[in-house]
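First up is the structure itself, then whatever we jot down about it.
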Ligand code: GLU
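In the numbering used here, the protein residues as written are -15 to 431.
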């Protein structure tokens, strides 16, 4: 059985690079093992969840190359959640409690004063039928707690190794609020069971939930899945990513010109024993993936590292990959053009300037007008090729005695308008004689 994995975001906002990392780790393991990859929207919070956010999450994942095999919504599975709750009630594992939030606070304060752990005292279990009826008569509605089994809950975490949680030290968790709505725990376990989830891969902020969830799987008659809890991504200053959501959302990174494969490469490799390097295809990341390579330590996300990765990805990008993207930008450059300029790009959009340099008008920068005029008069006859630059500058060297920067830099400034850029030998033949002559004479447009 190949099994199934799920990425389970709440559609209450955009996903950021840390969420995308969880999605990618799940997807990579699914692709590596032939398991199904499921996108599950944890949308039981009707007020905060929206279809717009669900659609945006789907779009962001697709942009990264992650297309789920199935999509499910928890909000459509209420009947299954209710049936599971009823099963737990029948088994005596779900019990009604009537304490208000204030009463619970006071209990915890008293426990702390006596140096006791602030664990729920299960007072509600001792209520008689009459006491319950009286409380309900006062208009109180119960919330429902899961009765934990005492003792250790253990699992072998695919990232963290053997883990144990002492259930005796935990409060019985509330599964259902007084208004009848479910907290995250029960629907998540019920859906994991029904969707055949074989491996739960998520951030280490969920480790504490896992002990309770393992008991819930068992109470519902199911075998718990495997668990893998990866370390969290933090911002460069060590703070949590969610506070920086705006700038680090996947859609913001896309709008900022980051390539999908640069983001995917970083998300897949950060916090692992592999070097964070740009990969051109998801298949390469699948081949590299293994839980044993994931570190438990938090990894720092640095936007400058992503930008550098983006540049490296573009520098190595094949013309075949770049061509449709160039076409989208309205750029008709051929292989020679792409290979001449790709080494100077940080963002694909940077290519627009170089396309202007070879195909239309730029503002030439003339530092030494006499030298540039002489250079114009010595331009070789066309056709030009990869040797033309060398031949022309050798003649200029002979004619003027200039060398090094004094020989080359005024030509680069006049021909490209910038003091740095692609190899002149590669871009010079693409500019051609008439544009070169005009620019060397300080003219913006061709005559
Ligand atoms: N909706 C939960 C979250 O976003 C899912 C956690 C899980 O993977 O179980 O944190």
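Using N, Cα and C, we set each Cβ at its ideal position, and we do this for glycine too.
Specify the secondary structure class of residue i as computed by DSSP and reduced to three states.
i: residue 173; result: helix
i: residue 178; result: helix
i: residue 214; result: strand
i: residue 330; result: coil
i: residue 137; result: strand
i: residue 79; result: strand
i: residue 418; result: helix
i: residue 150; result: strand
i: residue 17; result: helix
i: residue 166; result: strand
i: residue 33; result: coil
i: residue 261; result: coil
i: residue 350; result: coil
i: residue -6; result: coil
i: residue 56; result: strand
i: residue 128; result: strand
i: residue 192; result: helix
Is the closest heavy atom of the ligand GLU to the C-beta of residue i under 7 Å?
i: residue 184; result: yes
i: residue 214; result: no
i: residue 433; result: With the chain covering only -15 through 431, there is no way to say anything about residue 433.
i: residue 104; result: no
i: residue 26; result: yes
i: residue 0; result: no
i: residue 40; result: no
i: residue -7; result: yes
i: residue 166; result: no
i: residue 190; result: yes
Under 8 Å between the Cβ atoms of residue i and residue j?
i: residue 428; j: residue 363; result: no
i: residue -10; j: residue 41; result: no
i: residue 168; j: residue 160; result: no
i: residue 68; j: residue 204; result: yes
i: residue 199; j: residue 133; result: yes
i: residue 425; j: residue 357; result: yes
i: residue 409; j: residue 381; result: no
i: residue 348; j: residue 421; result: no
i: residue 0; j: residue 225; result: yes
i: residue 24; j: residue 175; result: yes
i: residue 144; j: residue 190; result: no
i: residue 26; j: residue 58; result: yes
i: residue 151; j: residue 177; result: no
i: residue 260; j: residue 253; result: yes
Just to check my reading of the structure: residue i and residue j have Cβ atoms closer than 8 Å, yes? What is that Cβ distance to the nearest angstrom?
i: residue 293; j: residue 249; result: 6 Å
i: residue 12; j: residue 273; result: 4 Å
i: residue 15; j: residue 270; result: 5 Å
i: residue 255; j: residue 279; result: 5 Å
i: residue 53; j: residue 5; result: No, residue 53 and residue 5 are not in contact; Cβ-Cβ is about 20 Å, not under 8 Å.
i: residue 433; j: residue 118; result: Given that the chain is displayed from residue -15 to residue 431, the structure contains no residue 433 and the question cannot be resolved.
Indicate, with yes or no, if the ligand MG has a heavy atom lying under 7 Å from the CB of residue i.
i: residue 172; result: The model on display carries the ligand GLU but not the ligand MG.
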